[in-house]
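In our numbering, the protein residues as written are 4 to 686.
Think of the CB as a built atom: it goes at the ideal place given N, C-alpha and C, for glycine as much as any other residue.
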């Protein structure tokens, strides 16, 4: 007789906090569904979550610890794997120092606190993460301007909402409500180089050429200052460096900005008038304009529009984030500092990064470090989650892993990195591990694993076992196991794990504290204690190329001379609701939603090139060429093509120059590169 059951658990396919319901037969998930009207858990089934069953039971899932031998990979016990890895790390630390080991954290991010602590306790300055091409550049720009690593827009209390890049109609696989803003009398400005569902709702849609957002912001600032619309009292009281900024901005006319960005001058003036018509809340993309070689300066120019108009740090505007409410001590940005930062693998190339982000290093040059043994030889590479496709010229990462003396990859699925490893360790998916969740209405809940993990372990359990085997110590890594970790992260709530396990409906958090309100007179955490038009941090390094204390605009297009050969602007990394980087291409329900990989161009360009939807086209860059299916998208500007990333051999990042980087953040220019397109023949 079969055993049918229903369980509540966490989806986790994209690392998000969505709870789901699962129908099981004989312990195996048969379908997933949204939890209807759950009083405490947020539950959504996006298009990706609907494919969770294919994700969990995919044949590429790693089921046992695997060790490389002369005969190939063979399964071994956890005890053997942990013992061998620990002995190897300790031996090479004694021979070559702790810095010869890199500890890398990919996606998801939930295990980073104990992992960073393990790296620090080991003594390595080389704790690095996928944030080397993800969110860190945004944190740097925010910190330089406002002192906070991110801003919280008060959309409920503002008069004007600005969505600056990032398609707000389709992030995280689900729609974000926008249409209600205008019903509440709010003005909406959308800045996006594409036409989207949200841009259609906007009072004003500015469509700049990719990579020129900084010039657009400076042109808007010019109008505001020239017409005397700036908030003089706010500037006098709360900002630093305004006069120098003003002098620079006045040389950046709206006519000049229009010529650079392709945004009509009258729209630039209209934007300035709307931005000075009331309180402004701005929601910025974490990545879009940061994947340009002028990204940090572009975002500084954007954020300084808020300082110019008095829309920083006050109700109804944009608030630098303070410490979150006391709930669970597992926030992945609050990591232990790295030891000996000056000795990390960046070799001092990105000093602003190391000054602001001292708890993880910049690893965009990881392949060069391993292959060239500069600034020193790397003996070990230990990774939890390893997507080789996230780096430009990503084939070199595979080559580097092949050369690496010793590497360990902890993963959900067998991938290119696993092929080159000495050990491959199987991690649990969210549905295979217990969790504690801070839900709605101040409620804490224990969420049990939905399916048996088999021989797989939670990432944190693997980290703890490695730390114990090496006799490393710290707040987290001294914990005896995964249950103790869960109990520890909820210690400030006044609830124990045993209590929570015995309460199916959860328990009200006893020691909850609200987020401390930002005090503009006390909490601006920049060196000057003011919002900075001129950066005190960058001033220390202004002798370096690209390190101007003002948000000076430099045009990325000046780096290329062969525009006749490569006339298109290539944008990669933009999101599609049914994809999540490399993770979802292996799932048929999602991968088959469209022919892939596609390059998107407008119909005007397609007609000129003799292309139709479904044709194959060859996309060439200075670093190589790949063949893609053609998709027509008339939301794009002429001369621009979008290609989704991370699709195995078709990964467009393979043909983007690894040295094409923002000098401040080290971020690659994924969203403002050059290419040509020509017909390859119809399928």
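Given 8 Å, three or more beta-carbon pairs between the stretch 327-341 and the stretch 249-261: Contact annotation: the stretch 327-341 does not touch the stretch 249-261, with fewer than three C-beta pairs closer than 8 Å.
Pairwise C-alpha distance: residue 557 and residue 283: Answer to the nearest angstrom: the Cα atoms are 27 Å apart.
Around the C-beta of residue 662, are 16 or more other C-beta atoms found within 10 angstroms, so that it is buried, or is it exposed? By the neighbour-count rule (16 or more Cβ atoms within 10 Å), residue 662 is not buried but exposed.
Excluding five sequence neighbours on each side, which residues of the same chain lie with their C-beta closer than 6 Å to the C-beta of residue 112? Excluding positions up to five away in sequence, the list reads 335.
Cβ-Cβ distance between residue 105 and residue 381 below 8 Å: Yes. Within cutoff.
Between which two residues does the alpha helix (DSSP H) carrying residue 269 extend? Membership of residue 269 in the alpha helix (DSSP H) is indicated by the continuous run 268-278.
Whole angstroms are fine: how far does the CA of residue 340 sit from the CA of residue 582? The straight-line gap from Cα to Cα measures roughly 33 Å.
Among 434, 504 and 495, which residue has its Cα nearest to the Cα of residue 449? The shortest C-alpha separation from residue 449 is found at 504.
If contacts are defined as beta-carbon pairs under 8 Å, then residue 210 and residue 148 qualify, I think. What distance do you get, rounded to the angstrom? Incorrect: roughly 25 Å between the Cβ atoms, too far for contact.
Contact check, residue 65 vs residue 416, beta carbons under 8 Å: Cβ atoms of residue 65 and residue 416: closer than 8 Å.
Could you tell me whether any Cβ in chain B is nearer than 8 Å to the Cβ of residue 444? No chain B appears in the structure shown, which is made up of a single protein chain.
Counting along the chain, where does the alpha helix (DSSP H) carrying residue 257 start and finish? Its alpha helix (DSSP H) spans residues 257-264.
Answer yes or no: do residue 453 and residue 12 have a C-beta to C-beta separation smaller than 8 Å? The answer is yes: Cβ separation under 8 Å.
Excluding the five sequence neighbours on either side, which residues of its own chain have a C-beta within less than 8 Å of the C-beta of residue 132, listed in chain order? 107, 108, 109, 112, 115, 363 and 366.
Below 8 Å, can you find three or more Cβ-Cβ pairs linking the stretch 593-602 to the stretch 632-644? At 8 Å Cβ cutoff, the stretches touch.
Helix, strand or coil at residue 648 according to DSSP, with G and I counted as helix: Correct three-state label for residue 648: coil.
Tell me the rounded alpha-carbon separation between residue 618 and residue 682. Residue 618 and residue 682: Cα-Cα distance of roughly 8 Å.
Does the pairing of the stretch 526-538 with the stretch 607-626 give three or more beta-carbon distances under 8 Å? No, the stretch 526-538 is not in contact with the stretch 607-626.
Please go through the same chain and pick out, in chain order, the residues whose beta-carbon is closer than 6 Å to the beta-carbon of residue 21, but skip the five residues on each side of it. Contacts found: 14 and 47.
Spell out the partners DSSP gives residue 286 in its beta bridges. Per the DSSP secondary-structure output, residue 286 pairs in a beta bridge with 166.
Check for me: the beta strand (DSSP E) holding residue 475 runs from which residue to which? From DSSP, residue 475 is part of no beta strand (DSSP E); its letter is neither H nor E.
Spatial neighbours of residue 359 within its chain, please: C-beta separation below 6 Å, excluding the five flanking residues on both sides. Cβ neighbours of residue 359 beyond the five flanking positions: 143 and 146.
For residue 404 and residue 255, I'd like the C-alpha separation in whole angstroms. Going from the Cα of residue 404 to the Cα of residue 255 covers about 47 Å.
Could you tell me which whole beta strand (DSSP E) segments of length 3 or greater appear in the stretch 406-441? For the stretch 406-441, whole beta strand (DSSP E) runs of length 3 or above, ordered along the chain, are 409-414, 426-429 and 438-441.
Straight-line CA distance for residue 244 to residue 562? Straight-line Cα distance between these residues: approximately 30 Å.
List the whole-angstrom C-beta distance separating residue 513 from residue 492, where the pair is believed to meet the contact cut-off of C-beta under 8 Å. Not really, about 15 Å apart at Cβ, beyond 8 Å.
Let's test the definition: count the other Cβ atoms within 10 Å of the Cβ of residue 423 and tell me whether it reaches 16, buried, or not, exposed. Residue 423 should be labelled buried.
Rounded to the nearest angstrom, how far is the Cβ of residue 242 from that of residue 534, given a contact under 8 Å? Their Cβ separation, rounded to whole angstroms, is 5 Å, which keeps residue 242 and residue 534 in contact under 8 Å.
Identify whether residue 87 lies in helix, strand or coil by the three-state DSSP scheme. Helix at residue 87.
Using a 10 Å radius around the Cβ and a threshold of 16 neighbouring Cβ atoms, would you call residue 550 buried or exposed? Per the 10 Å Cβ criterion, buried.
Can you check which of these residues, 50, 524 and 625, is closest to residue 396 by C-alpha distance? That would be 625, whose Cα lies nearest to the Cα of residue 396.
Find out if the Cβ-Cβ distance for the pair residue 323, residue 154 is shorter than 8 Å. Contact: yes.
Close-in-space but distant-in-sequence residues of the same chain around residue 509 (CB under 8 Å, 5 per side omitted): Closer than 8 Å at Cβ, skipping near neighbours: 43, 442, 446, 447, 448, 449 and 503.
Leaving aside the five residues before and after residue 279 along the sequence, list all residues of the same chain whose C-beta is less than 7 Å from its C-beta, in chain order. Once the five neighbours on either side are set aside, the close Cβ partners of residue 279 are 227, 232 and 312.
Starting from residue 35 and walking both ways along the beta strand (DSSP E), at which residues does that stretch end? First-last of the beta strand (DSSP E) with residue 35: 31-36.
With DSSP run on the structure shown, which of helix, strand or coil describes residue 627? The answer is strand: DSSP assigns residue 627 an E or B state.
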